[in-house]
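Report on the following structure.
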Amino acid sequence: PARGGRGRGGAAAAPNLAARIQQFLKAEGVVATFNRGSDSLTASAGSNLTIQQQRTDGGTIFPSGGGSRTTDPATVLPTVTLAVEHYNRMIRVLDKGVPVKVELNLETKFHEETTPNGFNIVAEIPGTDPVLKDEVVLLGAHFDSVAASPGATDNATGSAAMMEAMRILKAIGAKPRRTIRIALWGAEEQGLLGSRAYAREHFGDPATMELKPGHGKISAYFNSDNGTGKIRGVWLQGNLAVRPIFQSWIEPLKDLGVDALGPRSVGSTDHVSFDALGIPAFQFMVDRLEYNSRTHHSNMDTVDRVQRDDMVQHATVIAVFAYNAAMRDEKLPRKALPRPSGRGTQASDTDR
4 PARGGRGRGG AAAAPNLAAR IQQFLKAEGV VATFNRGSDS LTASAGSNLT IQQQRTDGGT
64 IFPSGGGSRT TDPATVLPTV TLAVEHYNRM IRVLDKGVPV KVELNLETKF HEETTPNGFN
124 IVAEIPGTDP VLKDEVVLLG AHFDSVAASP GATDNATGSA AMMEAMRILK AIGAKPRRTI
184 RIALWGAEEQ GLLGSRAYAR EHFGDPATME LKPGHGKISA YFNSDNGTGK IRGVWLQGNL
244 AVRPIFQSWI EPLKDLGVDA LGPRSVGSTD HVSFDALGIP AFQFMVDRLE YNSRTHHSNM
304 DTVDRVQRDD MVQHATVIAV FAYNAAMRDE KLPRKALPRP SGRGTQASDT DR
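Its first residue numbered 4, the sequence shown is counted upward by one per residue in this note's numbering.
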């Protein structure tokens, strides 16, 4: 059995490696691969084989990996994702020297597309300050999901929280000095494609660091991903200059459970597209709840896992941050500009 790449940082982030793996497997006579899912730990089976220790709710299937988005699907070997115990049962039998025979019945359809169908959804509350109204506070969340998951907590909840934050601001009659814009990103799970395309079009190219006029007009980007739990704080993405500012913002939110500011950088979601250009871009810290153990990229990411009361808090905190950023006299402080990457921003599996 072969394990696919973890999350969106697998074949999509390294198509050449994925193609080479496919070529090797075909040369070995492999007709299909088994994927044991992304949320398991390796342990010894007593020989040169390995079993998997399930750190998730038993029986949940966590599809991961897959072929490159640029590879002809007809050339990619079929892959079947197993529950960890189904995989381990085969390993235990093999470990005793007993051959295992597997029969698969797969039905697959390929849909020819003549034009790209990816898109983002963008709306805004216009700024009112004569000087600052052309500056932007950007809120974002991806609305797509992995193909085999219903996508309730990854990331319908993030999209809903951002929309609710905008509704709150409209309902209270907020008149932000800067424009507050919401963007719901497409194709995040394929490699942050929607947010990367938007960032390149409006702000600059991280490969060359050739910046566009809009780069100087954006104050901050705030992202919601990682589940249905309450917001507990913000990852500062190494931008320590914003710490005292955010500290003052979360002070009145402590009764809602918001009290943490983490200095380190985290990856694997859409704020990376903006951070790569030196734009102040932040991911909220969210209670994971069942995210890692049950719902993330799984067949169980269904709407009944969504926690309504937590989502009310989640959206409220986002609305406060958006309003505060839009009302400041100055834009949020920035880190030094990154060096040109020589390539587009890539999704990372760090901290996912």
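Note that the Cβ used here is the ideal one computed from N, Cα and C, for glycine as well.
Buried or exposed by the 16-neighbour rule on C-beta atoms within 10 Å, applied to Gly121: Here residue 121 is taken as the residue at index 118 of the sequence shown, counted from 1. With fewer than 16 Cβ atoms within 10 Å of its Cβ, Gly121 is classed as exposed.
Leaving aside the five residues before and after Lys136 along the sequence, list all residues of the same chain whose C-beta is less than 8 Å from its C-beta, in chain order. Locating residue 136 in the sequence shown gives position 133, where the first residue counts as 1. For Lys136, where only same-chain residues beyond five positions count, the Cβ hits under 8 Å are Pro129, Gly130, Arg180, Arg181, Thr182.
Closest to Asp228 by C-alpha separation, out of Val125, Ala144, Pro81, would be which residue? On the sequence shown, position 225 is the one that residue 228 refers to. Measuring from the Cα of Asp228, the nearest candidate turns out to be Ala144.
Quick one: measure Cβ to Cβ for Val289 and Gly230, integer angstroms, because I've assumed they're closer than 8 Å. Residue 289 sits at position 286 when you count from the first residue of the sequence shown. Residue 230 sits at position 227 when you count from the first residue of the sequence shown. About 5 Å separates the two Cβ atoms, so the contact holds.
Bridge partners of Val139, per DSSP? As a working note, residue 139 is residue 136 in the sequence shown. Val139 pairs with Thr182, Ile221.
Touching or not, the region 288–304 and the region 152–161, by the rule of three or more beta carbon pairs under 8 Å? yes
Integer Cβ distance of Ile94 from Leu187, believed to fall under 8 Å: Numbered from its first residue, the sequence shown carries residue 94 at position 91. Numbered from its first residue, the sequence shown carries residue 187 at position 184. That pair is no contact at about 42 Å.
9 Å Cβ cutoff met for Ala223 and Met169: Within the sequence shown, the letter at position 220 stands for residue 223. Within the sequence shown, the letter at position 166 stands for residue 169. Using a Cβ distance threshold of 9 Å, Ala223 and Met169 do not count as a contacting pair.
Could you tell me which residues DSSP pairs with Asn226 in its beta bridges? Stepping through the sequence shown from its first residue, residue 226 is reached at position 223. Beta-bridge pairing by DSSP links Asn226 to Gly143, Gln286.
Measuring straight from C-alpha to C-alpha, what distance separates Thr211 and Gln310? Numbered from 1 along the sequence shown, position 208 holds the residue referred to as residue 211. Numbered from 1 along the sequence shown, position 307 holds the residue referred to as residue 310. Cα to Cα, Thr211 sits roughly 42 Å from Gln310.
Leaving aside the five residues before and after Thr380 along the sequence, list all residues of the same chain whose C-beta is less than 8 Å from its C-beta, in chain order. With the chain covering 4 to 355 only, the question about residue 380 has no answer from this structure.
Ala200 beta carbon less than 9 Å from that of Ala279: Mapped onto the sequence shown, residue 279 falls at position 276. Mapped onto the sequence shown, residue 200 falls at position 197. No, the Cβ-Cβ distance between Ala279 and Ala200 is not below 9 Å.
What residue does the beta strand (DSSP E) around Glu127 start on, and which one ends it? Stepping through the sequence shown from its first residue, residue 127 is reached at position 124. Element bounds for Glu127: 124–128.
Residue range of the unbroken alpha helix (DSSP H) whose run includes Gly197: One-based indexing of the sequence shown puts residue 197 at position 194. Residues 196–205.
Asn120 by DSSP, collapsed to three states: which one? On the sequence shown, position 117 is the one that residue 120 refers to. Note: Asn120 maps to coil in three-state DSSP.
Starting from Thr319, follow the alpha helix (DSSP H) in both directions and report where the run begins and ends. Position 316 of the sequence shown holds residue 319. Where Thr319 is concerned, the enclosing alpha helix (DSSP H) stretches over 311–330.
As a quick exercise: from Asp273, Ile248, Pro66, Val275, pick the residue whose alpha carbon is nearest that of Leu264. Numbered from 1 along the sequence shown, position 261 holds the residue referred to as residue 264. Selection Asp273, Ile248, Pro66, Val275 evaluated against Leu264 yields Ile248 as nearest (Cα-Cα).
Pairwise C-alpha distance: Gly197 and Glu191: Counting from one through the sequence shown, the residue named residue 191 turns up at place 188. Counting from one through the sequence shown, the residue named residue 197 turns up at place 194. Approximately 6 Å between the Cα atoms of the pair.
How big is the Cα-Cα spacing for His205 and Ser276? Numbered from 1 along the sequence shown, position 202 holds the residue referred to as residue 205. Numbered from 1 along the sequence shown, position 273 holds the residue referred to as residue 276. Looking at the two C-alpha atoms, the distance is approximately 12 Å.
For Asn108, count neighbouring Cβ atoms within 10 angstroms of its own Cβ and tell me buried if that reaches 16, exposed if not. Taking the sequence shown and counting its residues from 1, one reaches residue 108 at position 105. Flag for Asn108 reads exposed.
Hey, how far is the Cα of Thr63 from the Cα of Met303? Numbered from 1 along the sequence shown, position 60 holds the residue referred to as residue 63. Numbered from 1 along the sequence shown, position 300 holds the residue referred to as residue 303. About 7 Å.
If we count the other Cβ atoms within 10 Å of its Cβ and call it buried at 16 or more, is Val105 buried or exposed? Counting from one through the sequence shown, the residue named residue 105 turns up at place 102. With fewer than 16 Cβ atoms within 10 Å of its Cβ, Val105 is classed as exposed.
Go through its chain and collect everything with a Cβ distance to Ala151's Cβ below 6 Å, but skip five positions before and after it. Your numbering for residue 151 matches position 148 in the sequence shown. Pro66.
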